[in-house]
Amino acid sequence: MNRDDDDTIRDEDQDDATSTLNGDEGQQADEESNIRIFLRVKPSKKPSGFFSWDDDANMMKYDIPKDIAAGLINNSRTSYKFRFDSVIGMEAKQEEVFDRVGRPCVESALNGFNSTVFAYGQTGSGKTFTITGGAERYEDRGLIPRALSLIFERMRNTSQAQIIAQISYLEIYNNQGYDLLDPNHESTKSLDDLPRVAMLEDEDGNCHLRNLSMHPVTTEEDALNLLFLGDTNRAVSETAMNLASSRSHCIFTVSLETRRVGSEVVLRSKLHLVDLAGSERAHKTGAKGQLLREAAYINTSLHYLEMVIVALHEKNTKGRTHIPYRNSMMTSVLRDSLGGNCKTVMVATVSPEKDQTDESVSTCRFAQRVARVKNDARLNEEVDPSVIIRQLKARVASLEEELAILKGDVNEGAELKDYEIDKLRQKCLNFVNDSEPSAHLAMGEFTYTKMKACFDILKSMANAAGEAAAGGPNSGVKLISAGTGGNNQELEQRVHELEQLVQQRDNEIAIMVNMIRKEHGATIPAELLTRGFVGYTSNQDEHESKPQKKQNAPKKQPGDYTSTLVVDSAVLEDPAKAFEAFKAQYPKNDAIRDNKIALKRKYDAAKTLASDVNDARNQIKALTLKIEKLRKQQAIADEGLLGVDDGSPGSDAAASAARAELEAAEQKLKADIDTHKIAYKKGFNELSELKKEIQHIQKMLEMGRIKLQKDFDLWYQRQGKGALLTETLLAQAKPEGNQFTGSRSQKSDLSKPTKISPERPESASRKPPAWNAEVKDPKRFSSSQSLRSSVARQSTA
């Protein structure tokens, strides 16, 4: 924020001194109710050296030399000290940031408390990198992907509760809300095509967002697909200080509903992950036109945010009653997060470079004010009436049956038919699988015949479970379930799915290798591709911002590589050759190549792990069959069929020795089974983790591919050679009856882009070419065509 007024600065200095002296005592006395603040210092190759921090005291100190140009009489302040809950240095990795900042918030949300994490700082200081993460390496995942991973890990490992998750993604651009995940507006080419979100308020003061879609998700992959799709639709522009500056505030919300087994209490909570647009000074960025208008809206909304923070502080100290939440849409949406029912964490991001020192100090001052805001976080518990009604109905049915038995009104009942026994068996199965303690076995009309049939069914089920636990006939891998407490059928199904995944990835590896060898255009039959990618163009890493430019320097346009790219004019006449030349000199081509190599390594590791898991499972099956044979031999020995028992002491000793030998052999086989169980479980867990890494790298590759297409399309148009028409490529690649299959003869058509005249309509030229087109699953919620349209819309935002 800009603070040039002298009186304001003196007030801020007094606040800083009070925070330095008394800030720790206030936060320690009521830590749970205050907003926690973290400071993250952006890595830089040229730090100013004006700052230092103390990890033990969580203090940031600035010692700024006086400006000689200000004259001999210069009373400006040169020393600043700020305290935080924690200071995250330049060497900190994303995993450490999540453990210190994000993990406690996610745990609170899973336990029924509303939680919010928001990043604040000037443009290019690393807010988007902290919240969303980088787009080039798996290790650079931000708070949102890691939070989703933790949530779904808890959902998989929690058997005593059912967790339902829903996701929404709101963008506030120029104080107007937009839904980034609306399913009815996939083919968007401009921001106005997205549905606008309206802010409503009820009589109790609760805010409601109209036209904001909520998407239920059951897997981590589905959640990440929504995140990447929303990031594709975000408004991003290039400024003098940031190659990919977020021009809007974005709020990613995960709504959680937790139902404990056997309880009528429901926990409802929300996790907000907020990426605020960066404050910026127009004389530093040299913004003009649309960028200047966007900067004005951004600075105004951040000013209103500061007004709310100041008002909340005065509410606690001076008894102020009115809080100006309604000044902007952002403060209205974040009402609960600021002084309401929420556990809130702020991450202040600062740049260590010399030219950004004033903005860094301003960010620290704002963080000190936020630290004084107190929230009243409450456990969001509700009683589900439908659960109570279901429990009361079961209780009434149980009492009616008990009363009938006491009165002697139970009939003998006729002999049951086969279909009636099948119905009772299904009801018994439902009763056993029902995890609620108040579950009731509803057998219909209560008769002694049905009672006996139900007891027989339950007895057979118990015997079958006992044989499986003891390694009896047909147990197979059920031994794994007995040893690990897992679901045997589910494990086998997941292993089978992973085997299919590895087989599918083998085909995709061939595509990647061909891409590396510049053999474009190879297609794959549709039956080999069971799932497609949902590509996205993420916001670029804010940690790699552009060097400071002079105010009057000409601004470089996005995608304008004319000054550095050297291409022969003859090459430009052929779009395919022009693309090869462009790709060879593309700045991010090395990162794409590294991701392809990393993906191939992950595939190889997955194939090895899958083979080890299958071997362990087969060994368990083979050892189980050996145990069955030994038990049969033991039974034969007990019956005296292995030898003649003449009653002599020698024969008894021989029988005992044979029995002991069989028991020892069985114990050894059981020990071997336990060893293979451990190996199976370890390999299966590693394979699951590797699957998540592979999926993330695939999405980063898709992001890089779309970004490459978009940049080439813009660059090619700037050379005066016209736009590129995607529909022509698709028409050439589409065979009769099915566009998802093709032959080798179509390779040349797929690999060469088609040029159209500059007079082509804008709607046609907005779609980038399908270089190395990868087949998408048409059943996915977001098609590749919609993603290309989103990328084209983003380039004009």
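If you're matching positions, the sequence shown starts at 324 in our numbering and goes up one per residue.
Note that CB positions come from ideal geometry on N, CA and C, so glycine has one too.
What distance in whole Å lies between the Cβ atoms of residue j and residue i, which are believed to be in contact at a cut-off of 8 Å?
{"i": "THR667", "j": "ILE474", "result": "19 Å between Cβ atoms; not a contact."}
{"i": "CYS573", "j": "SER655", "result": "About 16 Å; that fails the 8 Å criterion."}
{"i": "GLY553", "j": "MET652", "result": "So it is not a contact: roughly 18 Å between Cβ atoms."}
{"i": "LEU764", "j": "LYS782", "result": "Not quite, the Cβ-Cβ distance comes to about 14 Å (not below 8 Å), so this is no contact."}
{"i": "LYS1014", "j": "LEU821", "result": "7 Å"}
{"i": "MET784", "j": "VAL825", "result": "About 35 Å; that fails the 8 Å criterion."}
{"i": "GLY601", "j": "GLN714", "result": "Not quite, the Cβ-Cβ distance comes to about 53 Å (not below 8 Å), so this is no contact."}
When you compare each of the options to residue i by their alpha carbons, which one comes out closest?
{"i": "LEU596", "options": "MET478, ARG688, ASN480, GLY456", "result": "GLY456"}
{"i": "LYS925", "options": "LEU948, GLN957, SER1011", "result": "SER1011"}
{"i": "VAL588", "options": "THR644, ILE712, ASN556", "result": "ILE712"}
{"i": "TYR403", "options": "LEU992, ASP386, GLU419, SER409", "result": "ASP386"}
{"i": "MET1023", "options": "GLU430, SER571, ASP917", "result": "ASP917"}
{"i": "TYR627", "options": "GLN613, ALA634, GLY444, ASN650", "result": "ASN650"}
{"i": "ASN534", "options": "ASP745, ASP545, GLU494, VAL540", "result": "GLU494"}
{"i": "SER660", "options": "LYS1033, CYS428, GLU637, PHE405", "result": "CYS428"}
{"i": "LYS952", "options": "SER602, LEU985, ALA694, ASP1036", "result": "LEU985"}
{"i": "THR929", "options": "LEU895, ALA893, GLN1018, HIS999", "result": "Residue identity differs from the one stated: residue 929 is Ala in this sequence, not Thr. Nearest of LEU895, ALA893, GLN1018, HIS999 to ALA929, Cα basis: GLN1018."}
{"i": "TYR909", "options": "GLY1027, LEU946, ALA987, ALA988", "result": "GLY1027"}
{"i": "ALA987", "options": "LYS746, GLN957, ASP1034, ASP897", "result": "GLN957"}
{"i": "ARG692", "options": "PHE374, GLN679, ALA907, VAL631", "result": "VAL631"}
{"i": "PHE405", "options": "GLU419, MET413, LYS384, ASP390", "result": "LYS384"}
{"i": "THR401", "options": "ASP681, PRO518, ASP422, SER431", "result": "ASP681"}
{"i": "GLU1025", "options": "PHE689, LEU726, LEU922, GLY412", "result": "LEU922"}
{"i": "ALA694", "options": "LYS450, THR772, GLY662", "result": "GLY662"}
{"i": "ASN437", "options": "TYR742, ASN664, ALA776, ILE728", "result": "ASN664"}
What is the residue span of the beta strand (DSSP E) that residue i lies within?
{"i": "PRO898", "result": "Here PRO898 belongs to no beta strand (DSSP E); instead the alpha helix (DSSP H) covers 898 to 907."}
{"i": "ALA380", "result": "Unbroken run through ALA380: none, as it is neither H nor E."}
{"i": "GLU580", "result": "572 to 583"}
{"i": "SER402", "result": "402 to 406"}
{"i": "SER536", "result": "Unbroken run through SER536: none, as it is neither H nor E."}
{"i": "SER371", "result": "Where SER371 is concerned, there is no enclosing beta strand (DSSP E), given that its DSSP letter is neither H nor E."}
{"i": "PHE361", "result": "359 to 364"}
{"i": "SER409", "result": "409 to 411"}
Where do the N-terminal and C-terminal ends of the alpha helix (DSSP H) with residue i fall, by residue?
{"i": "ALA432", "result": "426 to 433"}
{"i": "ALA521", "result": "Not the alpha helix (DSSP H): ALA521 falls in the beta strand (DSSP E), residues 519 to 524."}
{"i": "LEU747", "result": "741 to 756"}
{"i": "PHE551", "result": "543 to 556"}
{"i": "LEU532", "result": "Counting along the chain, LEU532 falls outside any alpha helix (DSSP H), though it belongs to the beta strand (DSSP E) covering 530 to 533."}
{"i": "LEU895", "result": "892 to 895"}
{"i": "GLU418", "result": "417 to 420"}
Would a C-beta distance cut-off of 8 Å place residue i and residue j closer than the cut-off?
{"i": "VAL673", "j": "SER448", "result": "yes"}
{"i": "TYR492", "j": "LEU549", "result": "yes"}
{"i": "PHE441", "j": "LEU599", "result": "yes"}
{"i": "ARG570", "j": "GLU580", "result": "no"}
{"i": "TYR1039", "j": "VAL936", "result": "no"}
{"i": "VAL577", "j": "ALA484", "result": "no"}
{"i": "LEU503", "j": "ARG557", "result": "yes"}
{"i": "LYS944", "j": "LEU992", "result": "no"}
{"i": "ALA488", "j": "VAL540", "result": "yes"}
{"i": "VAL410", "j": "LEU466", "result": "no"}
{"i": "ASP699", "j": "SER356", "result": "yes"}
{"i": "PRO370", "j": "GLU676", "result": "yes"}
{"i": "MET478", "j": "ILE486", "result": "yes"}
{"i": "LYS716", "j": "ASN639", "result": "no"}
{"i": "GLU544", "j": "SER472", "result": "no"}
{"i": "PHE421", "j": "ASN381", "result": "no"}
{"i": "SER536", "j": "PRO506", "result": "yes"}
{"i": "ALA980", "j": "ALA960", "result": "no"}
{"i": "GLN417", "j": "ASP377", "result": "no"}
Please confirm if residue i has its CB atom under 8 Å from at least one CB of chain C.
{"i": "LEU625", "result": "No chain C appears in this structure, which consists of one protein chain only."}
How about residue i: is its Cβ closer than 7 Å to a heavy atom in the ligand SAM?
{"i": "ARG519", "result": "Ligands are entirely absent from the displayed structure, and the ligand SAM is therefore not among its contents."}
Those runs of the alpha helix (DSSP H) which lie wholly inside the region 670 to 735 and span at least 4 residues: 680 to 694, 708 to 730
Uninterrupted alpha helix (DSSP H) stretches inside the region 592 to 658 (no shorter than 4 residues): 605 to 608, 613 to 640, 652 to 656
Contiguous alpha helix (DSSP H) assignments of at least 4 residues, all confined to the region 440 to 515: 450 to 454, 466 to 480
4 or more residues per run - each alpha helix (DSSP H) lying fully within the region 920 to 959: none
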